[in-house]
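The block underneath contains the structure these notes are about, expressed in structure tokens.
Residue numbers (this note's numbering), protein chains in the order written: chain B, 1 to 295; chain S, 1 to 303.
Written out as structure tokens, the structure reads:
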């Protein structure tokens, strides 16, 4: 937002000073990425709101939240619908990633754009702590930082854990056809604890921080909705990717001229409304749980 | 003329008789209605049969002016209860006015209060007396095993089978079995029941009510031999494996189940580590951001 005018000027200097105002942007996420995020975001919020009241059933707010969904039975149905959405997006994401890895001949995993942890991430993390304390320069990042990788991988792996245990409890008769009864006890403990862990990672420590609180993202990083960011923002945030693409001559692949019309403004309002609503939900549920745990 | 009068007479006679009968019935109805209508002076009792005259008992036990030392009874609530039309002495057999005999009171607290219910509820009582609670209550009154009134109430009896009574069941059991209630609430049934699913299983659905027996008794509904059948009342197709699910277990206590505790504790450690790391990392990042002015419009572009 802040750099709209500068970017418009930059794009003007780039030579494309046509009638509609445009801005040179870096295409970070494609339509598939953005839809995936939307599905995660809606289903995760529903799962948290219909699940956490069961974990903290004796707190006063638990009944209130359940009543908001039309009672504990209705909430159970919404929880299961969101679970099916989760299975769908997880499967789609895994297929997409497998195709992506195969088509890039492994470079998507082993290369610098990988979402997998590598040795550089450890160096980056140490480097970030040094920078935090004023004992060194800020490490430079390629396409994904280590906290973004953690955010992504914890979701992909966490979904397997919480999904498996969840379906076990959904179909207890089928589960106990193959496993002893204590497996359902273990499933409940894991499901319940993994949910708290996932909620903390998404709502508070990693995701909320990297998308909203971090300098450069504050108050809101809209890239997962719009797909692209102003090019100088990209250059500052991902200097290694920028330098690598300049060197490889692949910068053009990720640069787009984004038209800025009244629709951009309307879309911005929509992104803000969605985020404020979800943010309010996240803060509310976090407050409820912190209150219950302290109490 | 004559023939007309003769024809008129039986009709007249019948009319007079009908009128007299009507007046008599109306008077009787009015008298009964006046006696039964809840006028403030007549108290709360609303029986059209025989309004119990409990005023002599309530002089001391009603809690009004000049009340005695004995237990107080909410007369209005009692009158609304299913037993409200009974005189006090229908249950408190043999109690008379004035300070009661100490031996009689001791006898009441021991087993006489059970006999009071048995008089009308013999069928249920025979089941209760065979249960663990009943056996202990009848043979060792001092151990405080629940008698009828401990669960059903004495003067404010709730009709069993109503939702209002069902909602109180876990509270009733928790008076003695508090730990079992907590583990119940931690289980699927308890969570759903507490948050409003009235059909979710409560204590008595698995353990039975009047017939309740400890799990090591082979006749118990939760004994090894009967557990699967008990599960099947709600979960048709339940297997031995299904029934071996641990309902009353506390994952936070290693003595309750070491296996569950290991999973629980491992997650507590993991959550503590991840949250602490996230807290420190985010906090330091924000600190550095503020210090270097990265939250300003210019700084935003420098990341």
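Note that CB positions come from ideal geometry on N, CA and C, so glycine has one too.
Proximal chain S residues relative to residue i, where beta-carbon distance stays under 9 Å
i: residue 196 of chain B; result: 267 and 271
i: residue 66 of chain B; result: 195 and 196
i: residue 63 of chain B; result: 194, 195 and 196
Contact set between residue i and chain B, taken where Cβ atoms lie within less than 8 Å
i: residue 223 of chain S; result: Within 8 Å Cβ-Cβ: nothing; residue 223 of chain S doesn't reach chain B, min ~16 Å.
i: residue 235 of chain S; result: 172 and 173
i: residue 264 of chain S; result: 189 and 193
i: residue 256 of chain S; result: Residues of chain B passing the Cβ test: none, with the nearest at roughly 11 Å.
i: residue 274 of chain S; result: 197, 200, 201 and 205
i: residue 249 of chain S; result: 185
i: residue 278 of chain S; result: 200, 201, 204, 205, 206 and 209
i: residue 125 of chain S; result: Result: empty, since nearest Cβ-Cβ is about 36 Å, beyond 8 Å.
i: residue 132 of chain S; result: None at all; the shortest Cβ gap to chain B is about 25 Å.
i: residue 242 of chain S; result: 172, 173, 176 and 181
Neighbouring residues, chain S, relative to residue i (Cβ below 8 Å)
i: residue 57 of chain B; result: 185, 190, 191, 194 and 195
Bridge-paired residues (DSSP) for residue i
i: residue 230 of chain B; result: B:25
i: residue 110 of chain B; result: Looking at the DSSP assignment, residue 110 of chain B forms no beta bridge with any residue, so it has no partner.
i: residue 255 of chain B; result: B:26
Local Cβ density within 10 Å of residue i, reported as buried at 16 or more and exposed below that
i: residue 151 of chain B; result: buried
i: residue 211 of chain B; result: buried
i: residue 216 of chain S; result: exposed
i: residue 283 of chain S; result: exposed
i: residue 3 of chain B; result: Summary for residue 3 of chain B: the model assigns pLDDT 44, below 50, so the residue's position carries little reliability; its value from the coordinates is reported in the next sentence. So residue 3 of chain B ends up on the buried side.
i: residue 173 of chain S; result: buried
i: residue 53 of chain B; result: buried
i: residue 294 of chain S; result: buried
i: residue 93 of chain S; result: exposed
i: residue 214 of chain S; result: exposed
i: residue 41 of chain S; result: With a pLDDT of only 41 at residue 41 of chain S, under the threshold of 50, the placement of this residue in the model should not be trusted, and no figure is reported.
i: residue 162 of chain S; result: exposed
i: residue 84 of chain B; result: exposed
i: residue 68 of chain B; result: exposed
i: residue 285 of chain S; result: buried
i: residue 2 of chain S; result: With a pLDDT of 49 at residue 2 of chain S, under the threshold of 50, the modelled position of this residue cannot be trusted; read the value that follows with caution. Exposed, by the Cβ-count rule.
i: residue 171 of chain B; result: exposed
i: residue 209 of chain B; result: buried
i: residue 188 of chain B; result: buried
Per-residue contacts from residue i into chain S (C-beta, under 7 Å)
i: residue 131 of chain B; result: 288
i: residue 286 of chain B; result: Near residue 286 of chain B there are no residues of chain S at all, since even the closest Cβ is about 11 Å away, more than 7 Å.
i: residue 53 of chain B; result: 195
i: residue 72 of chain B; result: 192, 195, 196 and 197
Proximal chain B residues relative to residue i, where beta-carbon distance stays under 9 Å
i: residue 174 of chain S; result: What residue 174 of chain S touches in chain B: nothing, since even the nearest Cβ is about 13 Å away.
i: residue 227 of chain S; result: Chain B residues near residue 227 of chain S: none, gap ~10 Å exceeds 9 Å.
i: residue 245 of chain S; result: 172, 176, 180, 181, 182, 183, 184 and 185
i: residue 114 of chain S; result: Within 9 Å Cβ-Cβ: nothing; residue 114 of chain S doesn't reach chain B, min ~35 Å.
Under 7 Å from the C-beta of residue i: neighbouring residues of chain B
i: residue 239 of chain S; result: 176 and 177
i: residue 295 of chain S; result: 215 and 218
i: residue 282 of chain S; result: 205, 209 and 213
i: residue 138 of chain S; result: By Cβ distance, chain B contributes nothing, its closest Cβ being about 36 Å from residue 138 of chain S, past 7 Å.
i: residue 285 of chain S; result: 132 and 214
Among the options, the one whose alpha carbon lies nearest that of residue i
i: residue 147 of chain S; options: S:156, S:117 and S:160; result: S:117
i: residue 204 of chain B; options: B:65, B:165 and B:147; result: B:147
i: residue 249 of chain S; options: S:183, S:132, S:164 and S:18; result: S:183
i: residue 160 of chain S; options: S:206, S:82 and S:87; result: S:82
i: residue 202 of chain B; options: B:126, B:190, B:153 and B:227; result: B:153
i: residue 137 of chain S; options: S:145, S:71 and S:130; result: S:145
i: residue 229 of chain S; options: S:131, S:206 and S:57; result: S:206
i: residue 186 of chain S; options: S:259, S:151 and S:252; result: S:252
i: residue 218 of chain B; options: B:275, B:199 and B:250; result: B:275
i: residue 117 of chain B; options: B:198, B:143, B:225 and B:92; result: B:143
i: residue 182 of chain B; options: B:193, B:168, B:195 and B:194; result: B:168
i: residue 223 of chain B; options: B:268, B:287, B:289 and B:89; result: B:268
i: residue 168 of chain S; options: S:77, S:143 and S:201; result: S:201
i: residue 90 of chain B; options: B:39, B:134, B:195 and B:45; result: B:39
i: residue 130 of chain S; options: S:180, S:90, S:208 and S:63; result: S:208
Cβ contact (3+ pairs, closer than 8 Å) linking the stretch 154-163 of chain B and the stretch 232-241 of chain S: no
Should the stretch 113-122 of chain B be regarded as contacting the stretch 71-79 of chain B, the criterion being three or more beta carbon pairs within less than 8 Å? no
Report yes or no: do the stretch 268-278 of chain S and the stretch 102-114 of chain B share at least 3 C-beta pairs separated by less than 8 Å? no
Examine the Cβ distances between the stretch 115-130 of chain S and the stretch 191-203 of chain S and report whether three or more of them are shorter than 8 Å. no
Could you tell me whether the stretch 244-263 of chain S touches the stretch 176-189 of chain B, using the rule of 3 or more Cβ pairs below 8 Å? yes
Pairing CB atoms from the stretch 25-32 of chain B with CB atoms from the stretch 228-241 of chain B, are three or more of them under 8 Å? yes
Are the stretch 88-96 of chain B and the stretch 125-141 of chain B touching, with three or more C-beta to C-beta distances below 8 Å? no
Contact between the stretch 280-292 of chain B and the stretch 54-66 of chain B: three or more CB pairs below 8 Å? yes
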